[in-house]
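S.K.:
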Amino acid sequence: MAARELIESENVLSLEKIRSLFNHFCRPTHKLIIKSTLGHWITHPTAKKRMFGVSSAEYSAATSSQQNKLREDAMEHFEGHYGEIFQRRHDCIHNCDRPKQALQPIGGPEVLKRIEDVEYLVRLCHSELLVEFPEYLKGLGFSGAIRAQVCQ
Numbered sequence: 000m001a002a003r004e005l006i007e008s009e010n011v012l013s014l015e016k017i018r019s020l021f022n023h024f025c026r027p028t029h030k031l032i033i034k035s036t037l038g039h040w041i042t043h044p045t046a047k048k049r050m051f052g053v054s055s056a057e058y059s060a061a062t063s064s065q066q067n068k069l070r071e072d073a074m075e076h077f078e079g080h081y082g083e084i085f086q087r088r089h090d091c092i093h094n095c096d097r098p099k100q101a102l103q104p105i106g107g108p109e110v111l112k113r114i115e116d117v118e119y120l121v122r123l124c125h126s127e128l129l130v131e132f133p134e135y136l137k138g139l140g141f142s143g144a145i146r147a148q149v150c151q
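In numbering that gives the first Met the number 0, the protein residues as written are 0 to 151.
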């Protein structure tokens with residue numbers, strides 16, 4: 000998976016870094032992890048309420064104006080949620096899991112949820128890039144044959 004390989008090789012620890020690595024391959028209206036495209040991520044079948052602060056059902060039942068507000072709130076929640084995950088990863092690796100010198104407890108179910116959340120992020124970034132990269136190549140003037148060969 001291209002997204003996974005780039006995230007691992009760049010040692011990505013923030014959503015901002017993910018955006019900066021991948022968004023130059025995306026059309027302006029299809030950037031990764033921005034408010035206007037977040038609705039698709041919220042309603043994805045594997046999305047969890049803990050990631051966005053709103054469930055898929057709640058979001059889908061809302062009116063258009065309510066969805067705008069929900070996306071705004073969800074973006075803030077999403078960034079905070081993943082910020083905590085990335086910070087905890089950093090603390091585990093570099094500080095023996097001791098921010099401010101106190102050991103931090105973590106249980107098996109919590110670990111599994113964090114792994115699930117990171118896998119969700121990587122999977123959705125990857126699936127978005129599978130759609131956007133051929134469009135990126137098309138915009139650069141590559142022929143259909145080249146795009147098909149590169150994007151298979």
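We treat Cβ as the ideally placed atom computed from N, Cα and C, and that holds for glycine.
Remember, it's a predicted structure, so these values are computed and weren't measured experimentally.
I'd like to check one pair, H80 with R49: are the Cβ atoms closer than 8 Å?
M.R.: As a working note, residue 49 is residue 50 in the sequence shown. As a working note, residue 80 is residue 81 in the sequence shown. For R49 and H80, yes; Cβs fall inside 8 Å.
S.K.: So what's A60 in DSSP terms, helix, strand or just coil?
M.R.: As a first step, residue 60 must be located in the sequence shown, where it is residue number 61. In this structure, A60 counts as helix in the three-state DSSP scheme.
S.K.: In angstroms with no decimal places, state the Cα-to-Cα distance between L136 and A61.
M.R.: Position 137 of the sequence shown, counted from the start, is the residue given in the question as residue 136. Position 62 of the sequence shown, counted from the start, is the residue given in the question as residue 61. Rounded to the nearest angstrom, the two C-alpha atoms are 37 Å apart.
S.K.: Just checking, does the stretch 27-37 make contact with the stretch 100-119 on the three C-beta pairs under 8 Å criterion?
M.R.: no
S.K.: Going by DSSP, what residue range makes up the alpha helix (DSSP H) through I41?
M.R.: Position 42 of the sequence shown, counted from the first residue, corresponds to residue 41. Per DSSP, I41 belongs to the alpha helix (DSSP H) from L37 to I41.
S.K.: Tell me whether I145 sits in a helix, a strand or coil according to DSSP, three-state version.
M.R.: If you number the sequence shown from 1, residue 145 lands on position 146. Residue state, collapsed to three classes: helix.
S.K.: Given this structure, state the Cα-to-Cα distance separating L129 from L69, to the nearest angstrom.
M.R.: Numbered from 1 along the sequence shown, position 130 holds the residue referred to as residue 129. Numbered from 1 along the sequence shown, position 70 holds the residue referred to as residue 69. Going from the Cα of L129 to the Cα of L69 covers about 27 Å.
S.K.: Does V149 pass the burial test, meaning 16 or more other C-beta atoms within 10 Å, or should it be called exposed?
M.R.: Along the sequence shown, read from residue 1 onward, the residue named residue 149 stands at position 150. Answer is exposed; the Cβ neighbour count stays below 16.
S.K.: Give a yes or no on whether the C-beta atoms belonging to T42 and Y58 are separated by under 8 Å.
M.R.: For the purposes of this step, residue 42 is identified with residue 43 of the sequence shown, where counting begins at 1. For the purposes of this step, residue 58 is identified with residue 59 of the sequence shown, where counting begins at 1. Cβ atoms of T42 and Y58: closer than 8 Å.
S.K.: Using the C-alpha atoms, what's the distance from L102 back to Q47?
M.R.: By one-based count along the sequence shown, residue 47 stands at place 48. By one-based count along the sequence shown, residue 102 stands at place 103. The amino acid occupying residue 47 in the given sequence is Lys; Gln does not appear at that position. Their backbone Cα atoms lie some 28 Å apart in a straight line.
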